[in-house]
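Written out below as structure tokens is the structure these notes cover.
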Amino acid sequence: MNKPPNESDTSAEDATERRHFIQQIVEKDLAEGTYDGRVHTRFPPEPNGYLHIGHAKSICLNFGIAAQYNGLCNLRFDDTNPTKEEDEYVEAIKEDVRWLGFDWGDRLCYASDYFDQLYDWAVQLIKAGKAYICDLSAEETREYRGTLTEPGKNSPFRDRPAEESLDLFARMKAGEFPDGTRTLRAKIDMAASNITMRDPVMYRILHASHHRTGDAWCIYPMYDFTHGQSDSIERITHSICTLEFENHRPLYDWYIRELGIYAPHQYEFARLNLTFTMMSKRRLLKLVEDGHVSGWDDPRLPTLCGLRRRGYTPAAIRNFCETIGVAKFNSTIHMSVLEGALRDDLNEIAPRVSGVLRPLRVVIENYPEGQVEQLTAQNHPQKPEMGTRQVPFSRVIYIEQADFREEAPKKFFRLVPGREVRLRYAYFVKCTGFVKNDAGEVIEVRCTYDPETRGGSAPDGRKVKGTIHWLSAEHSLRAEVRLYDHLFCKADPDDCDEGKDWISNLNPNSLEVLTESRVEPSLADAEPGALYQFERQGYFNVDPVDSKPGALVFNRAVALRDQWAKIEKGK
RNA sequence: UGGCCCCUAGUGUAAUGGUAGCACGAAUGACUCUGAAUCAUUUAGUCGGGGUUCAAAUCCCUGGGGGCCAGCCA
347 MNKPPNESDT SAEDATERRH FIQQIVEKDL AEGTYDGRVH TRFPPEPNGY
397 LHIGHAKSIC LNFGIAAQYN GLCNLRFDDT NPTKEEDEYV EAIKEDVRWL
447 GFDWGDRLCY ASDYFDQLYD WAVQLIKAGK AYICDLSAEE TREYRGTLTE
497 PGKNSPFRDR PAEESLDLFA RMKAGEFPDG TRTLRAKIDM AASNITMRDP
547 VMYRILHASH HRTGDAWCIY PMYDFTHGQS DSIERITHSI CTLEFENHRP
597 LYDWYIRELG IYAPHQYEFA RLNLTFTMMS KRRLLKLVED GHVSGWDDPR
647 LPTLCGLRRR GYTPAAIRNF CETIGVAKFN STIHMSVLEG ALRDDLNEIA
697 PRVSGVLRPL RVVIENYPEG QVEQLTAQNH PQKPEMGTRQ VPFSRVIYIE
747 QADFREEAPK KFFRLVPGRE VRLRYAYFVK CTGFVKNDAG EVIEVRCTYD
797 PETRGGSAPD GRKVKGTIHW LSAEHSLRAE VRLYDHLFCK ADPDDCDEGK
847 DWISNLNPNS LEVLTESRVE PSLADAEPGA LYQFERQGYF NVDPVDSKPG
897 ALVFNRAVAL RDQWAKIEKG K
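Counting from 347, one number per residue, gives the positions in the first sequence under this note's numbering.
Below, the structure is given as structure tokens:
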């Protein structure tokens, strides 16, 4: 609405400004015609676990670059280790990428589709004297490799004749040798300062069946001998990966150069780190396997399926990835940035409803017994086009326990004895008293209402400081509400006491289940996965797994920003 | 300890030898039938030192801090 007159100019400007380093590289290549104007990226997950928000950054980057520069992006499974990979994961990964909003068209690829080609290339390198079969054990290989400061030693098999290596390699493939007895190694430089270049293993023997190739192979190529060539086969232009592969780039280039094949280029960016959670696949697996969470889709997890179940939207995640940027600096993003991205999206799209998390009974003494009125509530105050709905009002209602105090602290402007507040979309009510149980807890509040304030405004123009939400007791629906907090107590889960590990930093209060919550009757048929704003509370997702008609379950995706909570906490 | 990479407001990210900007956060105020949203204002930065240059966040040297690498994982 406050856009300058020349809209297209500004958007073009926005697009050209603030390009991150990968975009700059792509634009330079495009300008110089490096790949005949082609841009072709790929997202290459290993199907050994579920995708998490860190992968989302990579997905948005790779698919985003392709979309922005009129290029293509492949989905490629890096499935070279049959002992860890499963079909369950490939299906889940495909679903998550699709859900995020990206399309790989007909370019669903598997590194395992290239096993024959990779084998031929390995033979080529042996023949060229650039690779050899090594009979060293895993332990011996490690000893020969040297350390960070000392060079390695040549393997005694390094100068084995090519014919012998060729024969041994064929017999490895034929299954003549047990696991771990031999490897195929590249002949590079055992004294290289970059340890990756110290005669890296190209193939290992693994008598394991593969999720796609079954038992066709008992030797499998290593990542380094697979990834670059896969990029080459797929005519990738920009092979984008995370920083820890920086040391591998010389090897990536070496294989491609020695093989004399089409050369893509690898670029590395910093992976995403978030406070109060953790991205390690190994650790996520442990949380799932040890039952610290309910599964890969536990809403407390940073997995995409967990975030989806929590109530995150693809748009929120994409916007988040956009705002955090892409660089080479190892940074940690505050979880609040992710939460903010969700609020931004949900604020626009989520219909508003009433939900009372912790109900407190209120009797409106001067409201006729048995009378029920239908009042009109807006589905989104800022978007009239989203319509209105009717909500029933009656003599006994529920309000939030937190909205009543026996005595008002400073700046508290909710319900207090003697004070008047507005019931949203209903009436002004004044508190006349309250009753307590033997334990001293307030179990009922007494009020009177002003019939002249129907709809929420007073004809005499008087104002109230507070507006609270409410639900007609007899018409409201019982619901289970799950409130989530950070998975870990510490911003950095690895910041733990002596002798303890990251598990000890798990937040024991990361899940709070409320079984007595109430929601308005319009939610009776709420669709699984539907998102709502419970006014004054937060955004809630109808749990897609556990919610059933008659037994509603809501997940709190994220709470609303809460100025009052800040004031109270500050005291 | 060897190699490689990195360091810009609290956080994240631009500026690629030429005015240090943006977003989020925070603070304050306005508005408000959501203590939300929205709007306005404010806040605060180039890791230290040296050099090159008319001019350095940017190039060079040096010190400091951080990350990655010694899987037959990816």
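Here a beta-carbon is modelled for each residue, glycine too, at the ideal position from N, C-alpha and C.
Rounded straight-line distance, which links the Cα of R531 to that of D892: Their backbone Cα atoms lie some 52 Å apart in a straight line.
Should R581 be labelled buried (16 or more other beta-carbon atoms within 10 Å of its own) or exposed? Exposed, since its Cβ has fewer than 16 Cβ neighbours within 10 Å.
In chain order, what residues of the same chain have a beta carbon less than 7 Å from the beta carbon of D525, not counting five sequence neighbours either side? For D525, where only same-chain residues beyond five positions count, the Cβ hits under 7 Å are I551, L552 and H553.
Per DSSP, the bridge partner or partners of Q720: Q720 has P738 as its beta-bridge partners, per DSSP.
Take S857 and list the residues in its own chain whose beta-carbon comes closer than 7 Å to its own, dropping the five residues that flank it on each side. One point to set straight first is that residue 857 is Leu, not Ser, in the sequence displayed. R646, R828 and Y830, listed in sequence order.
State the beta-bridge partners of P705 as determined by DSSP. By DSSP's assignment, P705 forms a beta bridge with E746.
Determine whether the beta carbon atoms of N887 and R656 lie at a separation below 8 Å. Yes, they are a contact pair.
Got a sec? Which residues, its chain only, sit under 8 Å from R628 by beta carbon, not counting five neighbours each side? Nothing listed; no residue qualifies.
For E826, write down the residues that DSSP places opposite it in a beta bridge. Here E826 is bridged, per DSSP, to V899.
Can you look up W910 in the DSSP assignment and give me helix, strand or coil? When secondary structure is reduced to three states using DSSP, W910 falls in the helix class.
Using 8 Å as the Cβ pair cut-off and three pairs as the minimum, do the segment 457-476 and the segment 416-426 touch? Cβ pair count under 8 Å is three or more, so yes.
Which residues mark the beginning and the end of the alpha helix (DSSP H) in which M518 is found? That run of the alpha helix (DSSP H) goes A508 to K519.
Using 8 Å as the Cβ pair cut-off and three pairs as the minimum, do the segment 632-645 and the segment 696-715 touch? No: the two stretches stay apart, fewer than three of their Cβ pairs being nearer than 8 Å.
For V767, report the span of its beta strand (DSSP E) as first-last. Note, V767: beta strand (DSSP E), E766 to L769.
If you draw a straight line from the C-alpha of A903 to the C-alpha of Q724, how long is it? Between A903 and Q724, the C-alpha separation is close to 22 Å.
Would you grab the beta carbon distance between C667 and K440 for me? Rounded to a whole angstrom, and I think it's under 8 Å. That belief does not hold up - the Cβ atoms of C667 and K440 are roughly 19 Å apart, past 8 Å.
Please classify V781: is it buried, with 16 or more other beta-carbons within 10 angstroms of its beta-carbon, or exposed? Taking every protein chain shown into account, the CB of V781 has fewer than 16 other CB atoms within 10 angstroms, so this residue is exposed.
So is M347 buried or exposed if we call it buried at 16+ other beta carbons inside 10 Å? In this prediction, M347 has a pLDDT of 26, which is less than 50 and means its spatial position is unreliable; what the coordinates show is noted afterwards. By the Cβ-count criterion, M347 is exposed, with fewer than 16 other Cβ atoms from all chains shown falling within 10 Å of its own Cβ.
By the 10 Å Cβ neighbour count, where 16 or more other Cβ atoms means buried, how is H680 classified, buried or exposed? Residue environment analysis places H680 among the exposed positions, since fewer than 16 neighbouring C-beta atoms fall within 10 angstroms of its C-beta.
Looking at I534: is its Cβ nearer than 8 Å to the Cβ of M543? For I534 and M543, yes; Cβs fall inside 8 Å.
Could you tell me the alpha carbon to alpha carbon distance between H401 and E392, rounded to whole angstroms? One alpha carbon belongs to H401, the other to E392, and they sit about 11 Å apart.
Could you tell me the boundaries of the alpha helix (DSSP H) in which G574 lies? Here the alpha helix (DSSP H) through G574 covers Y569 to I579.
For T659, which residues in the same chain have their Cβ closer than 8 Å to its Cβ, ignoring the five residues on either side in sequence? Excluding positions up to five away in sequence, the list reads L688, D691, L692, I695 and L877.
Are at least three pairs of beta-carbons, each pair with one atom in the segment 864-879 and one in the segment 797-812, less than 8 Å apart? Too few Cβ pairs lie closer than 8 Å, so no.
Using DSSP bridges, identify the partner residues of T649. For T649, the beta-bridge partners assigned by DSSP are H398.
Buried or exposed for V859, please, with buried defined as at least 16 other CB atoms from any protein chain shown within 10 angstroms of its CB. Flag for V859 reads exposed.
3 or more residues per run - each beta strand (DSSP E) lying fully within the segment 843-891: For the segment 843-891, whole beta strand (DSSP E) runs of length 3 or above, ordered along the chain, are 857-865, 877-880 and 884-888.
At a cut of 8 Å, does the segment 611-628 reach the segment 472-489 through at least three beta carbon pairs? Per the Cβ contact rule, the segment 611-628 is not in contact with the segment 472-489 (fewer than 3 Cβ pairs under 8 Å).
Proximity of L947 and V810 at Cβ, strictly below 8 Å: Absent from the model: residue 947. The displayed extent of the chain is 347 to 917, so no value can be given.
8 Å Cβ cutoff met for H832 and N853: A contact, by the Cβ cut-off of 8 Å.
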